[in-house]
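Q: Starting off with a structure, shown below.
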Amino acid sequence: MNQEEDEARQSSLPGCYRHPEVRTGISCARCERPICPQCMVSASVGFQCPECVRSGSGTGHAPAANRPRTVAGGVLATGDPQLITKVLIGINLAVFLVQQVVGDRFTDALYLLASWPVQGFDGVQGVAEGQWYRLVTSMFLHGSYIHIGFNMLSLWWLGGPLEAALGRARYLALYFVSGLAGGALTYLLAAQNQPSLGASGAIFGLFGAMAVLMRRMKYDMRPVIGLLVVNLIFTFSWSGIAWQAHVGGLVAGVLVGIGMMHAPAERRGLAQWGSCAAVLAVSLALVLIRTAQLT
């Protein structure tokens, strides 16, 4: 078969029903719709499309047994591939809007603080006083338009690829574990009267996980490393930045990223969720140590 005949044969093939621009000679063994290599899922006989796999493989396996998986083994989400990233950005923007409307009292009630009197509130405020929720709420507060703008741009740039690689549940776990680790290290090392706020701990966790992902996929790591170095320079050269949150989030992101990306297939769930639990346990220990020092 010469080149012209081969090109004519290729052009006569139907397009994948999910990716019409991709010509394919393979069809689903159940619904007979054309599917490309990206969509096909191995079945007991031939290949099936993702929709037929989700409705039940017909081989005695659970409907989700052969569902397409991400690089980290998570179930490939249908619909918007950046849904969780967009939701996180929306929450951060909504909270920032409330900060602008309500004023300092709203922010003062929710930022990260170890133990100190706050104007307008009765008694000493802070995590050491039992207000552990500040470790979470502070992750969604920001101090200025530049602060939230930079963090949300970073979240948009890093979040999409990581959400696609990890799957929604693992991506969300990475985000919160990194943010909490950054908050725990800030609580441990910062002065007890120093307030802290921002999504930077979680963002630096995404930086760490992105570096692990790019190394795992053998991509050029220079862009993400260069951007990370620039951020670290800003972290340690500008006053008023809680470097502890950045460092804590970065270390947590690297550790969770290694657990997510390099987990052995036969024990993937145990390794991935175990790495999250281990980082959370260390974060909790840091919080308990600091609380014991202050009470």
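The end of the sequence shown is residue 1205 by our numbering, with every number in the run present.
Think of the CB as a built atom: it goes at the ideal place given N, C-alpha and C, for glycine as much as any other residue.
1) Report all residues from its chain with a CB closer than 7 Å to the CB of L1204; omit the five preceding and five following residues, and keep chain order.
2) Roughly how many angstroms lie between the CA atoms of S1088 and I945, to the nearest whole one?
3) Are the CB atoms of G1115 and G1206 within a distance shorter than 9 Å?
4) From which residue to which residue does the alpha helix (DSSP H) around N1061 run?
5) Please report the distance separating the alpha-carbon of A939 from that of L1007.
6) On the three-state DSSP scale, how would you describe Q948?
7) With a cut-off of 8 Å on the beta carbons, I'd call A1112 and Y1085 a contact; round off their distance for me.
8) Can you tell me where the alpha helix (DSSP H) with Q1104 in it begins and where it stops?
9) Considering only C-alpha positions, which residue in the set F1050, C962, G1167 is nearest to L1107?
10) Among residues of its own chain, excluding the 5 on either side of L923, which ones have a beta-carbon nearer than 7 Å to its beta-carbon?
11) Measure the beta-carbon distance from C962 to C926 and round it to whole angstroms, keeping in mind my assumption that it falls under 8 Å.
12) Going by alpha carbons, who is nearest to W1153 out of G1159, T1145, L1160?
13) State buried or exposed for C1162, treating a residue as buried only when at least 16 other CB atoms are found within 10 Å of its CB.
14) Are L1022 and S1054 touching if we call contact CB-CB under 9 Å?
15) Straight-line CA distance for W1042 to L1065?
16) Could you tell me which of C941, A1100, V1012 sits nearest to R1200, measuring between CA atoms?
17) Based on Cα-Cα distance, which residue from M1170, A1175, P947 lies nearest to G1184?
18) Return the CA-CA distance between V1139 and V1157, expressed in angstroms with no decimal places.
19) Could you check whether the Cβ of T1145 sits closer than 8 Å to any heavy atom belonging to the ligand MG?
20) Whole angstroms are fine: how far does the CA of V1134 sit from the CA of G1033?
21) Just checking my contact of T995 with G1069 at CB under 8 Å: how many whole Å lie between their CB atoms?
22) For P947, is the classification buried or exposed, using 16 other Cβ atoms within 10 angstroms of its Cβ as the cut-off for buried?
23) Roughly how many whole angstroms lie between the Cα atoms of H1052 and A1188?
24) Which runs of the beta strand (DSSP E), 3 residues or longer, sit entirely within the region 1107-1149?
25) Would you say L1095 and L1045 are within 9 Å of each other, going by their C-beta atoms?
26) What's the gap between the Cα of C941 and the Cα of A1173?
A: On the basis of the supplied data:
1) To locate residue 1204, count along the sequence shown from 1; it is residue 294. Here L1204 has A1024, S1025, A1038, Q1102 as same chain residues with Cβ atoms under 7 Å from its own Cβ, once five neighbours each way along the sequence are excluded.
2) Within the sequence shown, residue 1088 is the residue found at index 178, counting from 1. Within the sequence shown, residue 945 is the residue found at index 35, counting from 1. The straight-line gap from Cα to Cα measures roughly 38 Å.
3) Here the chain covers residues 911 to 1205 and nothing more, so residue 1206 does not appear.
4) By 1-based counting over the sequence shown, the position of residue 1061 is 151. Where N1061 is concerned, the enclosing alpha helix (DSSP H) stretches over 1055-1076.
5) Residue mapping note: residue 939 aligns to position 29 of the sequence shown, counting from 1. Residue mapping note: residue 1007 aligns to position 97 of the sequence shown, counting from 1. Straight across, the Cα-Cα distance linking A939 with L1007 is about 52 Å.
6) Counted from its first residue, the sequence shown places residue 948 at position 38. Collapsing the DSSP output to three states places Q948 in coil.
7) Translated into the one-based positions of the sequence shown, residue 1112 becomes position 202. Translated into the one-based positions of the sequence shown, residue 1085 becomes position 175. Rounded, the Cβ-Cβ distance is 5 Å, consistent with contact.
8) Numbered from 1 along the sequence shown, position 194 holds the residue referred to as residue 1104. Note, Q1104: premise wrong, no alpha helix (DSSP H); not H, not E.
9) The sequence position of residue 1107 within the sequence shown is 197, counting from 1. When each option's Cα is compared against that of L1107, the closest is F1050.
10) Translated into the one-based positions of the sequence shown, residue 923 becomes position 13. Counting only Cβ-Cβ distances below 7 Å, and skipping sequence neighbours, we find R933, T934, G935.
11) Your numbering for residue 962 matches position 52 in the sequence shown. Your numbering for residue 926 matches position 16 in the sequence shown. With a beta-carbon spacing of about 14 Å, C962 and C926 fall beyond the 8 Å limit used to define contacts.
12) For the purposes of this step, residue 1153 is taken as the residue at position 243 of the sequence shown. Closest by alpha carbon: T1145.
13) Here residue 1162 corresponds to residue number 252 of the sequence shown, with the count starting at 1. The identity of residue 1162 in the sequence shown is Ala, whereas the question assumes Cys. Around the C-beta of A1162, 16 or more other C-beta atoms lie within 10 Å, and the residue is accordingly described as buried.
14) The residue given as residue 1022 occupies position 112 in the sequence shown. The residue given as residue 1054 occupies position 144 in the sequence shown. Not in contact: L1022 and S1054 (Cβ atoms no closer than 9 Å).
15) Here residue 1042 is taken as the residue at index 132 of the sequence shown, counted from 1. Here residue 1065 is taken as the residue at index 155 of the sequence shown, counted from 1. If you take the alpha carbons of W1042 and L1065, they lie about 25 Å apart.
16) One-based indexing of the sequence shown puts residue 1200 at position 290. Closest option to R1200, Cα to Cα, is A1100.
17) Here residue 1184 corresponds to residue number 274 of the sequence shown, with the count starting at 1. It is M1170 whose Cα lies nearest to the Cα of G1184.
18) Locating residue 1139 in the sequence shown gives position 229, counting from the first residue. Locating residue 1157 in the sequence shown gives position 247, counting from the first residue. Spanning the alpha carbons of V1139 and V1157 requires a straight line of approximately 12 Å.
19) Of the ligands one can find in the structure shown there are none, so the ligand MG has no counterpart to examine.
20) Residue mapping note: residue 1033 aligns to position 123 of the sequence shown, counting from 1. Residue mapping note: residue 1134 aligns to position 224 of the sequence shown, counting from 1. So the two alpha carbons sit approximately 45 Å from each other.
21) One-based indexing of the sequence shown puts residue 995 at position 85. One-based indexing of the sequence shown puts residue 1069 at position 159. Contact check for T995 and G1069: beta-carbon distance about 3 Å, within the 8 Å limit, so the pair qualifies.
22) As a working mapping, residue 947 is identified with position 37 in the sequence shown. Around the Cβ of P947, a 10 Å sphere holds fewer than 16 other Cβ atoms; the residue is exposed.
23) For the purposes of this step, residue 1052 is taken as residue 142 along the sequence shown, with counting starting at 1. For the purposes of this step, residue 1188 is taken as residue 278 along the sequence shown, with counting starting at 1. So the two alpha carbons sit approximately 28 Å from each other.
24) DSSP runs (the beta strand (DSSP E)) wholly in the region 1107-1149: none.
25) Here residue 1095 refers to the residue found at position 185 of the sequence shown. Here residue 1045 refers to the residue found at position 135 of the sequence shown. Their beta carbons are not under 9 Å apart, which means L1095 does not touch L1045 by this criterion.
26) Taking the first residue of the sequence shown as position 1, residue 941 is located at position 31. Taking the first residue of the sequence shown as position 1, residue 1173 is located at position 263. Between C941 and A1173, the C-alpha separation is close to 34 Å.
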